[in-house]
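Novice: The sequence shown begins at 16 in this note's numbering and counts up by one.
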Amino acid sequence: MDYDVIIIGAGAAGLMAAIEAGKRARKVLVLDHAKAPAEKIRISGGGRCNFTNIHAGPNNFISQNPHFCKSSLKRYSAQDFIALVRRHRIDFHEKTLGQLFCDHSAKDIIALLLTEMRAAKAELRLETSITRIEPISDGGFRIVTPDFAKTCTSLIIATGGKSIPKMGATGFGYEIARQFDIPLVETRPALVPLTFEGERLEAFQALAGVSLPARASHGKTRFDEALLFTHRGLSGPVILQISSFWREGDSVRLCLLPGVDIFEALKAQRQINGRQALSTALATLLPKRLAQAIGEEFQELKNLADYSDKRLRQVCARLQEWSVTPAGSEGYRTAEVTLGGVDTRALDSQTMMAKTVPGLYFIGEVVDVTGWLGGYNFQWAWSSGWVAGQSA
Ligand SMILES: Cc1cc2nc3c(=O)[nH]c(=O)nc-3n(C[C@H](O)[C@H](O)[C@H](O)COP(=O)(O)OP(=O)(O)OC[C@H]3O[C@@H](n4cnc5c(N)ncnc54)[C@H](O)[C@@H]3O)c2cc1C
16 MDYDVIIIGA GAAGLMAAIE AGKRARKVLV LDHAKAPAEK IRISGGGRCN
66 FTNIHAGPNN FISQNPHFCK SSLKRYSAQD FIALVRRHRI DFHEKTLGQL
116 FCDHSAKDII ALLLTEMRAA KAELRLETSI TRIEPISDGG FRIVTPDFAK
166 TCTSLIIATG GKSIPKMGAT GFGYEIARQF DIPLVETRPA LVPLTFEGER
216 LEAFQALAGV SLPARASHGK TRFDEALLFT HRGLSGPVIL QISSFWREGD
266 SVRLCLLPGV DIFEALKAQR QINGRQALST ALATLLPKRL AQAIGEEFQE
316 LKNLADYSDK RLRQVCARLQ EWSVTPAGSE GYRTAEVTLG GVDTRALDSQ
366 TMMAKTVPGL YFIGEVVDVT GWLGGYNFQW AWSSGWVAGQ SA
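1) Within a Cβ cutoff of 7 Å, which residues of the same chain sit near isoleucine 151, ignoring the five residues on either side of it in sequence?
2) Specify, as a first and last residue, the run of the beta strand (DSSP E) that threonine 349 falls within.
3) Is glutamate 142 a contact residue of ligand 1, with contact defined as CB to any heavy atom under 7 Å?
4) Enumerate in chain order the residues of its own chain whose CB-to-CB distance from isoleucine 56 is below 7 Å, with the five nearest sequence positions on each side excluded.
5) Which same chain residues end up closer than 8 Å to leucine 327 when comparing Cβ atoms and leaving out the 5 residues on each side of it in sequence?
6) Let's see if you can read the secondary structure: which residues bound the alpha helix (DSSP H) around proline 208?
7) Could you tell me the boundaries of the alpha helix (DSSP H) in which tyrosine 189 lies?
8) Could you give the C-beta distance for phenylalanine 76 and phenylalanine 96, rounded to a whole number, given that I count them as a contact under 8 Å?
9) Taking the Cβ atom as the reference point for each residue, do alanine 134 and glycine 400 lie within a distance shorter than 8 Å?
10) Does the stretch 76 to 86 come close enough to the stretch 376 to 393 that 3 or more CB-CB pairs lie under 8 Å?
11) For glutamate 212, which residues in the same chain have their Cβ closer than 6 Å to its Cβ, ignoring the five residues on either side in sequence?
12) Where do the N-terminal and C-terminal ends of the beta strand (DSSP E) with glycine 154 fall, by residue?
13) Aspartate 47: buried (16+ other C-beta within 10 angstroms of its C-beta) or exposed?
14) Quick one: Cα of proline 1 to Cα of glutamate 240, how far?
15) Could you tell me if the beta carbon of glutamate 351 falls within a distance shorter than 7 Å of some heavy atom in ligand 1?
16) What do you reckon, is the C-beta of serine 59 under 7 Å from a heavy atom of ligand 1?
17) Using 8 Å as the threshold, is the C-beta distance between leucine 170 and glycine 374 below it?
18) Could you give the residue range of the beta strand (DSSP E) that holds valine 339?
19) Drop a sphere of 10 angstroms on the beta-carbon of leucine 249, count the other beta-carbons inside from all chains shown, and report buried for 16 or more, exposed for fewer.
20) So leucine 272 and proline 204 are supposed to be a Cβ contact under 8 Å. How far apart are they, rounded?
21) Mind checking who leucine 300 pairs with in its DSSP beta bridge?
22) Would the stretch 181 to 200 count as touching the stretch 356 to 371 if we require 3 or more Cβ pairs under 8 Å?
23) Sorted by chain position, which residues of the same chain lie with C-beta nearer than 7 Å to isoleucine 378's C-beta, five sequence neighbours on each side aside?
24) Hey, quick one: how far does the beta strand (DSSP E) through glutamine 314 stretch, first residue to last?
25) Residues in the same chain with beta-carbon distance under 6 Å from alanine 36, minus the five sequence neighbours each way, listed in chain order, please.
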């Protein structure tokens, strides 16, 4: 064999697997069709890379088998990656909700991975497309590219999901799974802004740029984070989170200013100054443009003093029990991740190897394990990559 391990995909998961396999003195080659490695790390977290979450645990992931990720996350935890970041003297901070970001640049994380990879003597070849993969009859694989063919004992597929095709995302990993009769869970864009049509869209467009704390719920799932009105509909962390649970045709329930007793606040305003307009009173709680828009919906009475408790409760219900039905999502063009992928029932959770194809591994986003927003997706890439690197 030319190599012990060939890894396709030089993203977060592939580089972590290369480092770990290389440390075990395996001869490792990483192939990627892109010009540069780890492009998604570079653009992640607004250029600062939310590289993990200190609270990362199995409950922060969506998968048809919610237990599958437990083993990897336990064997290589957020604390393990944080220790690696500290060893490389990369400064970082917690932004919110356990989310850790680089102080300076996401490029620090890429430099960390490339330094570790070189130390582990793993090779990296960029701008290399894969023409085909051939299983070798007595074990192993032949990887054929337009320029060369190389054989390996273990093959790790780390080609990510379909999100942001502009950045090199392809359905390659799913094609390889199909080639080897490995089942797939249907894929969908996730962590993605939701779009609207008609009058609702016009109303949201008029508010584009307005942001406020909100709770978004779908079934029993709910998130409390910032909501953002956009020219296409709704976005912001709270919408990205709930989008992973939303399906075409479903409604999303919104509660603006969760935890704030808007009714009591409006009653107090009515007592302080009964001659003010409803929108003026609302503006003490909400961004001005939103207060104005809601005020216009309930503009039948001039003075706040004329609003009965019943009517004020209706205004509060409008703000805090608001059901909206998105027309769709912005799709893979802007989605941060892809839900679904290689069915975890076909993989060994201790090694990430396919149960029916010895030597073939799938790691990272290509697998049906998808994290919430907040550093969980990189943690899955580190954990699953580390585990495969111990075995391949
Ligand atoms: C804008 C944006 C911001 C994000 N921010 C965060 C964040 O802050 N925190 C977080 O946890 N997650 C974030 N994510 C999600 C995170 O980037 C992914 O979950 C993670 O990169 C997945 O790692 P991966 O190694 O599995 O795949 P990827 O990082 O996507 O790497 C796959 C690699 O495979 C290569 N490849 C694909 N097809 C082929 C092919 N046919 N032949 C050869 N090579 C191929 C690609 O070029 C790429 O280098 C963000 C995603 C986006 C899009």
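Glycine included, C-beta positions come from ideal geometry on N, C-alpha and C.
Every value quoted in this text rests on a predicted model; they were computed, and no experiment measured them.
Specialist: In brief:
1) In the sequence shown, the residue the question calls residue 151 occupies position 136. For isoleucine 151, same chain residues with a beta-carbon under 7 Å away, outside a window of 5 residues either side, are Arg157, Thr166 in chain order.
2) In the sequence shown, residue 349 corresponds to position 334, counting from 1. No beta strand (DSSP E) contains threonine 349, which DSSP labels as neither H nor E.
3) As a position in the sequence shown, residue 142 is number 127, starting the count at 1. Glutamate 142 Cβ: outside cutoff for every heavy atom of ligand 1.
4) If you number the sequence shown from 1, residue 56 lands on position 41. Result list for isoleucine 56: Ala27, Cys64, Ala121, Ile124, Ile125, in chain order.
5) Taking the sequence shown and counting its residues from 1, one reaches residue 327 at position 312. The residues are Phe278, Leu281, Lys282, Arg285.
6) Counting from 1 along the sequence shown, the entry for residue 208 is found at position 193. Premise fails: proline 208 is in no alpha helix (DSSP H) and is neither H nor E.
7) For the purposes of this step, residue 189 is taken as the residue at position 174 of the sequence shown. In the DSSP assignment, tyrosine 189 falls within the unbroken alpha helix (DSSP H) covering 187 to 194.
8) Translated into positions along the sequence shown, residue 76 becomes position 61. Translated into positions along the sequence shown, residue 96 becomes position 81. In this structure phenylalanine 76 is not in contact with phenylalanine 96, their Cβ atoms being roughly 16 Å apart against a cut-off of 8 Å.
9) Here the question's residue 134 lines up with position 119 in the sequence shown. Here the question's residue 400 lines up with position 385 in the sequence shown. Not closer than 8 Å, so no.
10) At 8 Å Cβ cutoff, the stretches touch.
11) In the sequence shown, the residue the question calls residue 212 occupies position 197. Ala342.
12) On the sequence shown, position 139 is the one that residue 154 refers to. Run containing glycine 154: none; DSSP gives neither H nor E here.
13) By 1-based counting over the sequence shown, the position of residue 47 is 32. Classification of aspartate 47: buried, given that the 10 Å Cβ count is 16 or more.
14) This structure leaves residue 1 out entirely; the chain is present only between 16 and 407.
15) What you label residue 351 is simply residue 336 of the sequence shown in a count that begins at 1. Ligand 1 approaches glutamate 351 closely enough that one of its heavy atoms is under 7 Å from the residue's Cβ.
16) Position 44 of the sequence shown holds residue 59. Yes, ligand 1 has a heavy atom inside 7 Å of this Cβ.
17) By 1-based counting over the sequence shown, the position of residue 170 is 155. By 1-based counting over the sequence shown, the position of residue 374 is 359. Yes; because the gap between Cβ atoms is below 8 Å, this pair is in contact.
18) The sequence position of residue 339 within the sequence shown is 324, counting from 1. Residues 337 to 339.
19) Looking up residue 249 in the sequence shown gives position 234. Result: buried.
20) Here residue 272 refers to the residue found at position 257 when the sequence shown is read from its first residue. Here residue 204 refers to the residue found at position 189 when the sequence shown is read from its first residue. Not a contact, Cβ separation roughly 29 Å.
21) If you number the sequence shown from 1, residue 300 lands on position 285. In the DSSP output, where bridge partners are listed per residue, leucine 300 has none listed.
22) Yes, since at least three Cβ pairs between the stretch 181 to 200 and the stretch 356 to 371 fall closer than 8 Å, the two stretches touch.
23) As a first step, residue 378 must be located in the sequence shown, where it is residue number 363. Hits under 7 Å: Ala28, Ala32, Ile171, Ala173, Met367, Ser399, Gly400, Ala403.
24) On the sequence shown, position 299 is the one that residue 314 refers to. No beta strand (DSSP E) contains glutamine 314, which DSSP labels as neither H nor E.
25) In the sequence shown, residue 36 corresponds to position 21, counting from 1. Cβ within range, chain order: Val20, Val43, Gly404, Ala407.
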